[in-house]
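Enquirer: Structure provided below as structure tokens; questions to follow.
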Ligand SMILES: *Cc1c(COP(=O)(O)O)cnc(C)c1O
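Numbering (this note's numbering), first residue to last: 1 to 446.
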């Protein structure tokens, strides 16, 4: 797979070749609070997000018919995927492949349901308490009354997005009665803009990349006291919302009979854009599952902004363009040129590593996920499936496993790929993805 002597990660990064970086700064013990930027996050913040989702469940079930069956709980299944593991070349000694199906998350159709909806709920809750629309501990279904909606309608929620965060924020905000504006980058898909417009969300189109869309939205919101800007690069509320996935996954693992301990490691592979979603989830998982969970972020070879950030350290903020890369990828959820410093500082002691994936491999794995297990995911969501091969099938991965004392435990390991989006991808978009993935030559793995 890597002919000749191993080239340093930097060379492969620059050449847009798949590579694996492992984090020398990872700590086995996690302090109860971690500093991020000028603030800090702790396990209480994760619990607060879980509690907030709980307070809003009744209202959410009323606002979204698709949440009636779950009583307003927004969650996704955890599935065993042995046939996909086989297609990926995992033998019995490599451990078992499971998938955390956030591509099925209701309301938003992606992992953004977690962070994005949380931040909208937090803003709504703050206003509702301030204006006496609900009493603390009261029934939040009050927020569906015309009086409450009129008040919330005086406020706007805005966001800059490549697509999925905009979908999540736009849909949640407009359902609660807010005005909503989504600043979209040039690489955002047309169907996502259309879906938002149908819900009365204002879509502002920008000709630049994701970073420019965020900056434009941030600037416009700063001058408007009735506008709350969801800042994907700086928001703690987003991180908090993502972290609420961890206690839910912990329960699902227990129900599935999956042990996570010193002789049963758990490897989690998380597709990474700006870093907020995988960092929030990774932070939560390290808090609830301890040092035996190893989080790896997965990025496209042309948009490895988080890897570039981890290589640079906290005093620099490089973009993928600085590495001579293009930020061009079909994985539109991951097409981000510069990482969130908040996410990077949070993950520095927590992250096990980052690997990169070619677009051709994303499509191949998208097709295999469909053809072996019936999973219908978008290209971004396929990034994690290179994880098992990167760890168990490359010299760098094997060396890291050996150094961590994990090699002997591989047969009892669980590999968990987090599929981060896909539910709302229209058939006319999905079918060409599938065709392209099926047309890939068999050798293009990892
Ligand atoms: C946004 C997104 C991610 C990554 O989240 P970040 O917070 O940008 O790192 C991964 N997959 C999909 C499908 C996404 O939409």
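Idealized CB from N, CA, C, for every residue including glycine.
Taking the alpha carbon of residue 260 as the point to measure from, which residue in 224, 417, 409 and 162 has its own alpha carbon closest?
Expert: As a first step, residue 260 is located in the chain shown; it is residue number 260 there, counting from the start. Out of 224, 417, 409 and 162, 409 has the C-alpha closest to the C-alpha of residue 260.
Enquirer: Cα separation between residue 306 and residue 371?
Expert: For this step, residue 306 is matched to residue 306 along the chain shown. For this step, residue 371 is matched to residue 371 along the chain shown. Whole-angstrom Cα-Cα distance: 31 Å.
Enquirer: Report, in whole angstroms, the separation of the C-beta atoms of residue 97 and residue 78, which I expect to be a contact under 8 Å.
Expert: The residue given as residue 97 occupies position 97 in the chain shown. The residue given as residue 78 occupies position 78 in the chain shown. Actually they do not touch by this definition, with Cβ atoms about 12 Å apart.
Enquirer: Out of 33, 149 and 45, point me to the one whose CA is closest to residue 59's CA.
Expert: Taking the first residue of the chain shown as 1, we reach residue 59 at position 59. When only C-alpha atoms are compared, the closest one is 149.
Enquirer: Please determine whether the Cβ atom of residue 107 lies at a distance below 7 Å from any heavy atom of ligand 1.
Expert: Within the chain shown, residue 107 is the residue found at index 107, counting from 1. Not so, every heavy atom of ligand 1 lies at least 7 Å from the Cβ.
Enquirer: Residue 315 by DSSP, collapsed to three states: which one?
Expert: Taking the chain shown and counting its residues from 1, one reaches residue 315 at position 315. Three-state DSSP puts residue 315 in coil, outside helix and strand.
Enquirer: Using the three-state DSSP reduction, which class does residue 1 fall into: helix, strand or coil?
Expert: Taking the first residue of the chain shown as position 1, residue 1 is located at position 1. A caution first: residue 1 carries a pLDDT of 43, below 50, which makes its placement in the model too unreliable to give a value.
Enquirer: Within this structure, are the beta carbons of residue 352 and residue 26 separated by less than 8 Å?
Expert: Within the chain shown, the letter at position 352 stands for residue 352. Within the chain shown, the letter at position 26 stands for residue 26. Yes, the pair counts as a contact, with Cβ atoms nearer than the cut-off.
Enquirer: Under 8 Å by Cβ, that's how I've got residue 229 and residue 158 pegged, so tell me the actual separation to the nearest angstrom.
Expert: Against the chain shown, residue 229 aligns to sequence position 229. Against the chain shown, residue 158 aligns to sequence position 158. So it is a contact: roughly 5 Å between Cβ atoms.
Enquirer: Pop quiz: residue 437 and residue 366 are said to be a contact at Cβ under 8 Å. What is the actual Cβ separation, rounded to whole angstroms?
Expert: If you number the chain shown from 1, residue 437 lands on position 437. If you number the chain shown from 1, residue 366 lands on position 366. Indeed they touch by this definition, with Cβ atoms about 5 Å apart.
Enquirer: Where residue 175 and residue 322 are concerned, what is the direct C-alpha to C-alpha distance, given to the nearest angstrom?
Expert: Along the chain shown, one-based indexing puts residue 175 at 175. Along the chain shown, one-based indexing puts residue 322 at 322. Answer to the nearest angstrom: the Cα atoms are 41 Å apart.
Enquirer: Are the CB atoms of residue 357 and residue 386 nearer to each other than 8 Å?
Expert: Within the chain shown, numbered from 1, the residue matching residue 357 stands at position 357. Within the chain shown, numbered from 1, the residue matching residue 386 stands at position 386. Cβ distance < 8 Å, so residue 357 and residue 386 count as in contact.
Enquirer: How should residue 147 be labelled, buried or exposed, when 16 other C-beta atoms within 10 angstroms of its C-beta is the threshold for buried?
Expert: In the chain shown, residue 147 corresponds to position 147, counting from 1. Exposed.
Enquirer: With distances taken from CA atoms, which of 192, 250 and 114 is nearest residue 161?
Expert: As a first step, residue 161 is located in the chain shown; it is residue number 161 there, counting from the start. The residue with the shortest Cα to Cα distance from residue 161 is 192.
Enquirer: If you count every other CB in all the chains shown that lies within 10 Å of the CB of residue 292, and 16 or more means buried, which is it?
Expert: Mapped onto the chain shown, residue 292 falls at position 292. So residue 292 ends up on the buried side.
Enquirer: Can you name, in chain order, every residue of its own chain whose Cβ lies under 7 Å from the Cβ of residue 2, other than the five neighbours on each side?
Expert: Locating residue 2 in the chain shown gives position 2, counting from the first residue. Low local confidence applies: a pLDDT of 46 at residue 2 is under 50, so the model's placement there is unreliable, with the coordinate-based value given in what follows. Here the set comprises 394 and 395.
Enquirer: Name the residue from 246, 274, 257 and 254 whose alpha carbon lies nearest to the alpha carbon of residue 268.
Expert: The sequence position of residue 268 within the chain shown is 268, counting from 1. Of the candidates 246, 274, 257 and 254, the one whose C-alpha sits nearest the C-alpha of residue 268 is 246.
Enquirer: Would DSSP call residue 392 helix, strand or coil?
Expert: Along the chain shown, read from residue 1 onward, the residue named residue 392 stands at position 392. Looking at residue 392 - three-state DSSP - the assignment turns out to be helix.
Enquirer: Which one of 106, 400 and 40 has the shortest CA to CA distance from residue 422?
Expert: Counting from 1 along the chain shown, the entry for residue 422 is found at position 422. Answer by Cα proximity: 106.
Enquirer: Over the uninterrupted beta strand (DSSP E) stretch that includes residue 210, give me the two end residues.
Expert: Stepping through the chain shown from its first residue, residue 210 is reached at position 210. Where residue 210 is concerned, there is no enclosing beta strand (DSSP E), although the alpha helix (DSSP H) it sits in stretches over 210-222.
Enquirer: Suppose the cutoff is 6 Å on Cβ atoms and the five residues either side in sequence are ignored; what does the same chain contact list for residue 205 look like?
Expert: Counting from one through the chain shown, the residue named residue 205 turns up at place 205. Hits under 6 Å: 184.
Enquirer: Using the Cβ count rule (16 or more neighbours within 10 Å means buried), how would you classify residue 334?
Expert: On the chain shown, position 334 is the one that residue 334 refers to. Buried, since its Cβ has 16 or more Cβ neighbours within 10 Å.
Enquirer: Could you check if residue 328 is buried or exposed, using at least 16 other CB atoms within 10 Å of its CB as the buried criterion?
Expert: As a working mapping, residue 328 is identified with position 328 in the chain shown. Under this definition residue 328 is an exposed residue.
Enquirer: Distance check for residue 135 and residue 299, CA to CA, integer angstroms please.
Expert: By 1-based counting over the chain shown, the position of residue 299 is 299. By 1-based counting over the chain shown, the position of residue 135 is 135. Rounded to the nearest angstrom, the two C-alpha atoms are 44 Å apart.
Enquirer: Roughly how many angstroms lie between the CA atoms of residue 450 and residue 156, to the nearest whole one?
Expert: A query on residue 450 cannot be resolved here, the shown segment of the chain reaching from 1 to 446 and no further.
Enquirer: On the DSSP letters alone, give me the boundaries of the beta strand (DSSP E) that residue 294 sits inside.
Expert: Stepping through the chain shown from its first residue, residue 294 is reached at position 294. Counting along the chain, the beta strand (DSSP E) containing residue 294 begins and ends at 293-300.
Enquirer: I want to check one thing, is the minimum distance from the CB of residue 421 to the heavy atoms of ligand 1 below 7 Å?
Expert: In the chain shown, residue 421 corresponds to position 421, counting from 1. Yes, since a heavy atom of ligand 1 falls inside the 7 Å radius drawn around the Cβ of residue 421.
Enquirer: Anyone know if the C-beta pair for residue 153 and residue 276 falls short of 8 Å?
Expert: As a working note, residue 153 is residue 153 in the chain shown. As a working note, residue 276 is residue 276 in the chain shown. It is not a contact, given that the beta carbons lie outside the stated cut-off.
Enquirer: For residue 75, which of helix, strand or coil comes out of DSSP?
Expert: In the chain shown, residue 75 corresponds to position 75, counting from 1. Residue 75: coil per DSSP, three-state reduction.
Enquirer: Mind listing, in chain order, the continuous beta strand (DSSP E) runs of no fewer than 3 residues lying wholly within the region 225-296?
Expert: The region 225-296 contains these whole beta strand (DSSP E) runs: 227-230 and 266-271.
Enquirer: Can you check DSSP and say which residues form a bridge with residue 80?
Expert: As a first step, residue 80 is located in the chain shown; it is residue number 80 there, counting from the start. DSSP output for residue 80 lists 98 as bridge partner(s).
Enquirer: Among 240, 288 and 133, whose alpha-carbon lies nearest the alpha-carbon of residue 252?
Expert: On the chain shown, position 252 is the one that residue 252 refers to. The shortest C-alpha separation from residue 252 is found at 288.
Enquirer: Excluding sequence positions up to five away, which residues of its chain have a Cβ less than 8 Å from the Cβ of residue 74?
Expert: Along the chain shown, one-based indexing puts residue 74 at 74. Excluding positions up to five away in sequence, the list reads 53, 60, 67, 105, 106, 107, 113, 114 and 117.
Enquirer: Do residue 121 and ligand 1 come close, with the Cβ less than 7 Å from some heavy atom?
Expert: Taking the chain shown and counting its residues from 1, the one referred to as residue 121 is at position 121. The answer is no for residue 121.
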